[in-house]
């Protein structure tokens with residue numbers, strides 16, 4: 057009925073536009089205002105930042121963040137070093153069970169997509185879209201990097217703030233491999249021709265499972281299946297190519313597939329020892345860092361597959377019962393600020409790629425990013441350009457279960 | 006007469022009260038914490054959506070691929086490691102006990118006791134892997150390997166390397182416990198009697214001393230068995246992973262980012278407790294069988310002449326059985342320390358090609374705080390445990406009169422060591438959060454006490470129990486009160502075992518990782534929490550540095566304790582003459 061004349065349509069369009077502008081103005085206004093409030097309330101608070109503590113360079117970077125926060129906002133940052141994120145998740149869960157809905161022991165937690173999906177579902181996170189309201193969030197562009205809004209295909213809904221970018225990157229020792237295989241098919245051929253020199257961390261290790269997801273995505277005729285929950289798909293058909301690929305290569309894996317590296321650091325060490333010809337990691341700068349610290353020889357180079365490799369974003373989140381939630385949000389904002397992101401991206405600091413969109417940054421900061429020196433085994437942003445989105449987190453359990461059933465009893 | 010009666014009943018009452026109190030402090034929380042996994046194991050845990058009881062988690066565990074192989078691997082490696090360690094210790098004592106002086110041995114083994122398991126594991130792996138140090142020794146000159154070969158023996162299918170790694174750690178512990186238990190037995194007289202009846206030294210040991218020693222070692226052996234079943238850090242590195250032992254699967258389920266896996270994890274942890282129980286039962290059956298063999302051979306009067314004829318090679322064998330694992334452990338430790346000052350150390354170099362202190366500078370960030378916490382928590386928990394053990398032993402002198410009865414009445418105190426840590430820590434954590442006691446020093450010290458107290462009791466108890474009451478009587482005759490006798494006679498005379506158990510208690514506290522993380526709320530860092538997190542990511546260099554840090558304090562305390570007790574003994578040389 058309304059569509060008969062064009063006027064109501066245009067009128068409604070205009071209304072919509074006005075509304076859009078008004079909300080835009082209102083929201084920017086609200087943002088600035090509430091953030092000022094936030095910093096005021098955050099003053100003097102102590103943030104217990106629960107983050108994996110296995111890397112000296114990341115620890116040192118978090119130490120630097122602490123110094124900056126003290127100077128700028130009078131916030132004390134304490135890095136609670138974890139061996140595994142589950143330790144902190146366990147604590148938050150214990151607090152929830154015990155009915156402790158405020159004054160929790162974790163203020164800020166470093167999470168990946170799997171942690172997030174589960175913590176969000178079980179109501180362990182702060183839910184008020186706080187991450188969208190951080191001033192630094194304006195420097196991101198979810199069109200250029202959709203993973204900012206959808207973490208492992210789960211909408212973030214502002215419950216976590218992006219911190220850095222990760223992409224599955226392979227490394228090879230150029231003494232033993234002339235031209236690295238750039239696809240799952242080529243890799244299978246290489247493994248067949250060079251038995252005993254390739255492996256991957258054993259699932260359920262994060263990197264190992266990611267490698268299986270990578271192969272599954274590469275071989276899938278239709279990748280969109282993996283973007284939806286596994287329950288809605290024909291799981292066996294979707295994963296059939298992956299199992300066939302593994303059946304083919306596994307006799308020629310390192311140790312005949314009887315044993316696997318425990319995690320990616322173990323794998324990097326084995327590449328350094330010369331037992332393996334390849335390694336893989338989620339930080340593109342990992343291998344340059346390895347060369348710098350002496351773990352890897354200078355002949356190591358990195359590459360990615362032609363179809364692109366799994367890429368995701370890692371985040372920080374505030375638990376539902378954080379004691380210092382204001383200071384935690386200010387910390388998250390500082391972690392996302394161009395200054396902190398530039399420092400984090402430096403090869404000599406950590407080498408973690410930024411989540412910010414360069415075109416949204418002031419000119420001088422763009423320059424700082426583009427002129428940054430890379431390590432000898434780090435790919436350029438352009439070379440890393442091809443990415444595959446992470447499958448829905450429900451696939452992790454399906455892949456791990458299938459792997460266990462087929463390959464755990466060899 | 007009635008006065009005496011009254012006195013004993015009073016002391017009995019005291020003893021019962023103390024036992025109840027200690028039970029509440031030590032075993033109670035563990036049992037309560039275990040409920041924290043019992044309930045989710047049967048499907049009930051509302052915060053994660055488990056609203057009804059069901060057998061689904063248990064079915065999930067039983068249907069997990071390879072779960073029986075995992076259970077068998079855990080059981081077989083634990084039993085084998087324990088049995089072999091026990092055998093080595095007995096063989097060693099059989100040939101060496103008569104030669105006396107084993108005190109030096111205790112001092113020599115003390116450092117190995119405080120080496121973290123993960124360091125032994127990494128050291129062993131670095132020796133044996135295809136790119137390891139032994140391969141480097143022969144490469145490329147002898148082997149022709151320019152690059153590490155593709156065959157590997159670590160980890161092996163049956164977990165033999167894991168068994169060996171566990172032996173390195175358990176032999177020193179069992180040896181210490183055996184020496185302590187031996188001091189309660191008139192072993193020398195027994196051996197002399199049996200030799201006069203025509204038995205050789207080794208068969209005397211096997212037929213007479215060992216059967217009497219075994220019941221006294223049941224507790225330490227059970228602790229070792231259960232430790233081996235639930236070991237995680239060593240298993241990650243040395244155990245086969247297709248499938249991995251049960252302990253690693255429990256850990257994987259607990260660490261699964263999907264929190265609903267915790268139902269399965271709880272059920273699996275319960276399964277692990279059950280498996281530990283089965284292992285102890287099997288050990289008891291094994292002991293019973295050995296007992297039958299031993300009794301039959303004593304009755305039949307057989308003399309094992311071949312065991313006594315050439316005692317020299319046998320002596321040698323006995324020493325090798327102990328020395329080899331310990332030497333390899335020490336070599337692994339040495340290699341780890343070399344790694345901590347290495348920057349580049351590639352195949353086939355026998356020594357690092359570039360040295361540096363990078364790993365040390367990386368670890369030094371918050372080390373000072375961590376060291377202070379370690380000392381604070383370690384000294385207070387070990388000191389408290391010491392006082393508690395002394396009070397306990399004073400209140401229950403009758404418990405020591407009969408070996409069997411003692412172990413029964415003290416068994417509850419060992420519950421924290423007999424239930425795998427991961428099974429009760431989560432429940433304990435919920436309880437502490439509920440009481441708002443988490444992340445506080447006092448609570449953490451008490452949580453450490455759960456583990457420190459049983460070890461101090463284990464190492465001091467026997468020495469205290471064999472106290473010569475005549476010394477007490479002399480003191481009483483001179484008019485000294487009970488407290489005076491304790492302070493002026495008993496403590497000075499027993500200074501050596503007291504200092505040793507204090508050092509043991511400190512070492513136990515300093516090495517605790519999971520309890521510190523769970524109870525300390527992640528806010529109280531110790532050298533071990535720092536070291537373990539560093540070892541979780543960074544390479545061998547950092548592990549080496551972390552190990553050195555982790556070992557340093559317990560070693561210093563051991564040396565201090567040793568010096569104090571020796572100086573004390575030297576000054577009052579006459580005190581020693583009571584034995």
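Residue numbers (my numbering), protein chains in the order written: chain A, 57 to 466; chain B, 6 to 584. Glycine included, every Cβ here is placed at the ideal spot set by N, Cα and C. Note that this is a predicted model, so its numbers are computed, not measured.
Taking only the alpha-carbon atoms, compute the straight-line gap between residue 389 of chain A and residue 217 of chain A and give it to the nearest angstrom.
Position 333 of the first chain, counted from the start, is the residue given in the question as residue 389 of chain A. Position 161 of the first chain, counted from the start, is the residue given in the question as residue 217 of chain A. A straight-line Cα-Cα distance of about 8 angstroms links residue 389 of chain A and residue 217 of chain A.
Is the beta carbon of residue 504 of chain B less than 7 angstroms from the beta carbon of residue 445 of chain B?
Walking along the second chain from the start, residue 504 of chain B turns up at place 499. Walking along the second chain from the start, residue 445 of chain B turns up at place 440. No, the pair does not count as a contact, with Cβ atoms beyond the cut-off.
Less than 6 angstroms separating the Cβ of residue 138 of chain A from some heavy atom of the ligand GDP?
Of ligands this structure carries none, so the ligand GDP is not represented either.
Which residues in the same chain have their Cβ closer than 8 angstroms to the Cβ of residue 431 of chain A, if we skip the five residues on either side of it in sequence?
Numbered from its first residue, the first chain carries residue 431 of chain A at position 375. Correct list, in chain order: 341, 343, 344, 345, 347, 348, 403 and 407.
Quick one: list the residues of chain B neighbouring residue 153 of chain A, beta-carbon separation under 7 angstroms, in chain order.
Locating residue 153 of chain A in the first chain gives position 97, where the first residue counts as 1. Those within 7 angstroms of residue 153 of chain A in chain B are 52 and 435.
Give the C-beta separation of residue 386 of chain A and residue 129 of chain A to the nearest angstrom, bearing in mind that I take them to be a contact with Cβ-Cβ under 8 angstroms.
Looking up residue 386 of chain A in the first chain gives position 330. Looking up residue 129 of chain A in the first chain gives position 73. Between residue 386 of chain A and residue 129 of chain A the beta-carbon gap is near 6 angstroms, inside 8 angstroms, which marks them as a contact.
Which of the three DSSP states, helix, strand or coil, is assigned to residue 204 of chain B?
Residue numbering aside, residue 204 of chain B sits at position 199 when the second chain is read from its first letter. Residue 204 of chain B sits in coil when the DSSP states are folded into three classes, being neither helix nor strand.
Measuring CA to CA, which of A:131, A:174, A:329 and A:271 is closest to residue 151 of chain B?
What you label residue 151 of chain B is simply residue 146 of the second chain in a count that begins at 1. Checked all of A:131, A:174, A:329 and A:271; the closest Cα to residue 151 of chain B is A:329.
Please report the distance separating the alpha-carbon of residue 422 of chain B from that of residue 454 of chain B.
Position 417 of the second chain holds residue 422 of chain B. Position 449 of the second chain holds residue 454 of chain B. Taking the straight line from one Cα to the other gives about 11 angstroms.
What do you reckon, are the CB atoms on residue 305 of chain A and residue 247 of chain A nearer than 7 angstroms?
Here residue 305 of chain A is taken as the residue at index 249 of the first chain, counted from 1. Here residue 247 of chain A is taken as the residue at index 191 of the first chain, counted from 1. Yes; because the gap between Cβ atoms is below 7 angstroms, this pair is in contact.
What residues in the segment 122–153 of chain B have a beta carbon less than 8 angstroms from any beta carbon of chain A?
Result list: 134, 135, 136, 152 and 153.
Coarse secondary structure for residue 45 of chain B, derived from DSSP in three states
As a first step, residue 45 of chain B must be located in the second chain, where it is residue number 40. Here residue 45 of chain B sits in helix by DSSP.
Out of A:192, A:171 and A:148, which one is the CA nearest neighbour of residue 481 of chain A?
Nothing can be reported for residue 481 of chain A: it is not among the residues displayed for chain A, which extend from 57 to 466.
The alpha helix (DSSP H) spanning residue 267 of chain A covers which residue range?
By one-based count along the first chain, residue 267 of chain A stands at place 211. For residue 267 of chain A, the enclosing alpha helix (DSSP H) begins and ends at 262–275.
With 9 angstroms as the C-beta to C-beta threshold (strictly closer), list the residues of the segment 276–306 of chain A near chain B in chain order.
Correct list: empty, as no residue qualifies.
For residue 50 of chain B, which of B:87, B:281 and B:432 has the nearest alpha-carbon?
Here the question's residue 50 of chain B lines up with position 45 in the second chain. Comparing C-alpha distances from residue 50 of chain B to each of B:87, B:281 and B:432 shows the shortest one belongs to B:432.
Whole alpha helix (DSSP H) runs in the segment 399–458 of chain A with 4 or more residues, listed along the chain?
Complete alpha helix (DSSP H) runs here, min 4: 419–426.
By alpha-carbon positions, which one of B:216, B:272, B:233 and B:271 ends up nearest to residue 303 of chain B?
Looking up residue 303 of chain B in the second chain gives position 298. Closest in alpha carbon position to residue 303 of chain B, among B:216, B:272, B:233 and B:271, is B:216.
Any beta carbon from chain B within less than 7 angstroms of residue 190 of chain A's own beta carbon?
For the purposes of this step, residue 190 of chain A is identified with residue 134 of the first chain, where counting begins at 1. Not an interface residue.
Residue 252 of chain A touches chain B at which residues, Cβ-Cβ below 7 angstroms?
Locating residue 252 of chain A in the first chain gives position 196, counting from the first residue. Result: 155.
Starting from residue 513 of chain B and walking both ways along the alpha helix (DSSP H), at which residues does that stretch end?
Against the second chain, residue 513 of chain B aligns to sequence position 508. It spans 500–516 - the alpha helix (DSSP H) in which residue 513 of chain B sits, taken as one unbroken run.
I'd like the list of long-range same chain contacts for residue 209 of chain A, defined as Cβ closer than 6 angstroms, with 5 residues on each side in sequence excluded.
Your numbering for residue 209 of chain A matches position 153 in the first chain. Taking C-beta separations shorter than 6 angstroms and ignoring five residues to either side along the sequence, the partners of residue 209 of chain A in its chain run 283 and 448, following chain order.
In whole angstroms, give me the CA-to-CA distance for residue 274 of chain B and residue 152 of chain A.
Here residue 274 of chain B corresponds to residue number 269 of the second chain, with the count starting at 1. Here residue 152 of chain A corresponds to residue number 96 of the first chain, with the count starting at 1. Straight-line Cα distance between these residues: approximately 22 angstroms.
Ignore the nearest five residues each way along the sequence and tell me which others in residue 230 of chain A's own chain have a CB closer than 8 angstroms to its CB.
Walking along the first chain from the start, residue 230 of chain A turns up at place 174. Cβ within range, chain order: 355, 356 and 357.
Local Cβ density within 10 Å of residue 78 of chain A, reported as buried at 16 or more and exposed below that
Stepping through the first chain from its first residue, residue 78 of chain A is reached at position 22. For residue 78 of chain A, the predicted structure reports a pLDDT of 44, less than 50, and the residue's modelled location is therefore unreliable. A value from the coordinates is still provided. Under the 10 Å beta carbon count, residue 78 of chain A is surrounded by fewer than 16 other beta carbons and is classified as exposed.
Starting from the C-beta of residue 203 of chain A, find all residues in its chain whose C-beta is less than 6 angstroms away, skip the five residues before and the five after it, and write them out in chain order.
Residue numbering aside, residue 203 of chain A sits at position 147 when the first chain is read from its first letter. Spatial neighbours of residue 203 of chain A in its own chain (CB-CB distance under 6 angstroms, excluding positions within 5 residues in sequence) are listed in chain order as 368 and 369.
Chain A contacts from the segment 328–350 of chain B (Cβ-Cβ distance under 9 angstroms)
Cβ proximity to chain A below 9 angstroms picks out 347, 348, 349 and 350 from the segment 328–350 of chain B.
Could you tell me whether the Cβ atoms of residue 166 of chain A and residue 372 of chain A are closer together than 7 angstroms?
As a first step, residue 166 of chain A must be located in the first chain, where it is residue number 110. As a first step, residue 372 of chain A must be located in the first chain, where it is residue number 316. Yes. Within cutoff.
Counting only beta-carbon separations shorter than 7 angstroms, does residue 257 of chain B have a partner in chain A?
Sequence index remark: in the second chain, residue 257 of chain B carries index 252 (1-based). Answer yes: the Cβ-Cβ gap between residue 257 of chain B and chain A drops below 7 angstroms somewhere.
What are the partner residues of residue 228 of chain A, as DSSP defines its beta bridges?
Looking up residue 228 of chain A in the first chain gives position 172. A:334 and A:357, per the DSSP bridge assignment.
Per DSSP, cross-strand counterpart(s) of residue 212 of chain B
Here residue 212 of chain B refers to the residue found at position 207 of the second chain. Residue pairing by DSSP places residue 212 of chain B in no beta bridge whatsoever.
The segment 134–145 of chain A contacting the segment 101–115 of chain A, beta-carbon criterion three pairs below 8 angstroms
In this structure the segment 134–145 of chain A touches the segment 101–115 of chain A; the number of beta carbon pairs closer than 8 angstroms is three or more.
Select from A:115, A:199, A:263 and A:331 the residue whose C-alpha is nearest the C-alpha of residue 467 of chain A.
Outside the shown range of chain A (57 to 466) lies residue 467 of chain A, about which nothing can therefore be said.
Tell me which residue opens and which closes the beta strand (DSSP E) that residue 306 of chain A is part of.
The residue labelled residue 306 of chain A in the question sits at position 250 within the first chain. Unbroken run through residue 306 of chain A: none, as it is neither H nor E.
Taking its Cβ as the centre, do 16 or more other Cβ atoms sit within 10 Å of residue 319 of chain A, making it buried, or is it exposed?
In the first chain, residue 319 of chain A corresponds to position 263, counting from 1. Answer is buried; the Cβ neighbour count reaches 16.
Inter-residue spacing [alpha-carbon to alpha-carbon] between residue 111 of chain B and residue 180 of chain B:
Position 106 of the second chain, counted from the start, is the residue given in the question as residue 111 of chain B. Position 175 of the second chain, counted from the start, is the residue given in the question as residue 180 of chain B. Rounded to the nearest whole angstrom, the C-alpha separation of residue 111 of chain B and residue 180 of chain B is 8 angstroms.
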